[in-house]
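Here's the structure, in structure tokens; my notes come after.
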Amino acid sequence: MSTTNTVVNPTFGDNLKRLLQWMWGQEVRTPIPAAPSSGPLLRRSNALREFCRAVQTPPGLQILDLGSASQANISFITGMGHKLYTEDLFRTLVKVESGRAGGAEPVVDEERFFRENLNYPEALFDGILCWDLLDFLSDPLVGPLVERLHRLSKPGGNLLTFFRTSPLSEPVPLYQYRIRSEDTLQITGCGTSKMRRHFTNRTIENLFRPFASLRFYLARDNLREVIIVR
34 MSTTNTVVNP TFGDNLKRLL QWMWGQEVRT PIPAAPSSGP LLRRSNALRE FCRAVQTPPG
94 LQILDLGSAS QANISFITGM GHKLYTEDLF RTLVKVESGR AGGAEPVVDE ERFFRENLNY
154 PEALFDGILC WDLLDFLSDP LVGPLVERLH RLSKPGGNLL TFFRTSPLSE PVPLYQYRIR
214 SEDTLQITGC GTSKMRRHFT NRTIENLFRP FASLRFYLAR DNLREVIIVR
């Protein structure tokens with residue numbers, strides 16, 4: 034008589050719990066350590082891998098990076114044979130909002146903002162790297178920005194974005210995301226800020242309703258990854 038030993042993965046229960054929480058639109062809050070400037074973190078990203086596969090070919094695609102300029106990102110994207118555009122929208126928004134009084138919601142001239150930023154022809158980009166920008170945008174700009182990104186994306190184009198699950202009451206580290214390989218990011222801390230809101234799966238789906246499809250990727254830290262297809 035033979036005996037079969039079954040080995041139970043101790044993380045199975047945790048993975049199942051995270052899956053159920055994701056299906057119910059709840060937050061999975063396993064904090065990721067703050068990345069000190071002297072010690073950047075390397076992080077595996079399934080959504081980045083999916084994004085890179087989507088823009089792998091043909092050469093000569095147009096990619097937009099909404100984070101701060103990074104030589105690592107420039108080298109990686111141009112190494113794929115593509116052209117990279119960079120728009121550091123977070124830095125721009127900090128300047129726009131620096132004159133607001135107290136905790137009042139800033140008044141942003143939407144028409145002027147988009148005349149001076151993201152002023153590109155429609156359907157130009159095959160891929161957009163949005164990172165976690167939407168967590169820090171003021172409410173009046175969230176919807177218009179997503180609408181603008183929809184207009185700038187080619188049909189079938191891919192958008193990569195992250196959403197935090199950090200507490201709203203506490204300052205969170207701001208990250209610069211540098212691409213090290215098709216599935217690995219180097220995350221470097223560059224100051225702190227406060228998130229404006231928490232996005233649930235349902236609110237993300239509603240926000241990107243004009244797009245063709247969304248795909249969520251479960252993660253064990255406080256970054257929820259999403260690939261959105263135009």
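Numbering (my numbering), first residue to last: 34 to 263. C-beta: ideal position from N, C-alpha, C; glycine also.
Extent of the continuous alpha helix (DSSP H) to which residue i belongs
| i | result |
| --- | --- |
| Q104 | 104-112 |
| F84 | 79-87 |
| V179 | 172-185 |
| R145 | 143-149 |
| L240 | 234-240 |
Spatial distance of residue i from residue j (CA atoms)
| i | j | result |
| --- | --- | --- |
| Q54 | T233 | Only weak support exists for where Q54 lies, its pLDDT of 49 falling under 50; the value from the coordinates is given anyway. When rounded, the distance between both Cα atoms is 11 Å. |
| L266 | L201 | Residue numbering for the chain in the displayed model covers 34 to 263; residue 266 lies beyond these limits and cannot be assessed. |
| R124 | S103 | 14 Å |
| A245 | F195 | 18 Å |
| E144 | R230 | 24 Å |
| L49 | N152 | Residue confidence for L49 is low, a pLDDT of 49 falling below 50, so the modelled location carries little weight; the figure read from the coordinates is stated next. Taking the straight line from one Cα to the other gives about 44 Å. |
| E155 | E180 | 11 Å |
| R242 | R213 | 31 Å |
| R263 | I161 | 11 Å |
| P92 | L178 | 28 Å |
| I107 | K116 | 9 Å |
| A105 | T90 | 20 Å |
Assigned exposure category for residue i - 16 Cβ within 10 Å defines buried
| i | result |
| --- | --- |
| R235 | exposed |
| R148 | exposed |
| V41 | Note on V41: pLDDT 35, under 50, position unreliable in the model; the coordinate value appears next. Its Cβ having fewer than 16 others within 10 Å, V41 is exposed. |
| C223 | exposed |
| N239 | exposed |
| S199 | buried |
| L174 | buried |
| E258 | buried |
| L170 | buried |
| D142 | exposed |
| D172 | exposed |
Same chain, Cβ closer than 6 Å to residue i, neighbours up to 5 away in sequence not counted
| i | result |
| --- | --- |
| D159 | V88, L94, Q95, K187, G190 |
| C85 | E215 |
| S101 | D121, Q209 |
| I261 | L192, F241, F244, L247 |
| E83 | I260 |
| Y250 | N79, A80, E258 |
Range of the contiguous beta strand (DSSP E) that encloses residue i
| i | result |
| --- | --- |
| D98 | 95-98 |
| V262 | 256-262 |
| P247 | Looking at the sequence provided, one finds Leu at residue 247 rather than Pro. Per DSSP, L247 belongs to the beta strand (DSSP E) from 246-250. |
| L117 | 116-119 |
| Y208 | 205-214 |
| L162 | 158-164 |
| L218 | 217-226 |
Residues of its chain near residue i, where Cβ-Cβ distance is below 7 Å and the 5 sequence neighbours each way are ignored
| i | result |
| --- | --- |
| R197 | D165, D168, V205, M228, N255, L256 |
| A67 | With a pLDDT of 42 at A67, under the threshold of 50, the modelled position of this residue cannot be trusted; read the value that follows with caution. Here the set comprises P206, G222. |
Cβ shell of residue i (< 8 Å), same chain only, five flanking positions each side left out
| i | result |
| --- | --- |
| N150 | E120, L122, T125 |
| T1 | What the structure shows of the chain is the stretch from 34 to 263, and residue 1 is not part of that stretch, so it cannot be assessed. |
Heavy atom of the ligand NAD within 7 Å of residue i beta-carbon
| i | result |
| --- | --- |
| L185 | Ligands are entirely absent from the displayed structure, and the ligand NAD is therefore not among its contents. |
contact_flag[the region 175-184, the region 76-86] where n(CB pairs < 8 Å) is 3 or more: no
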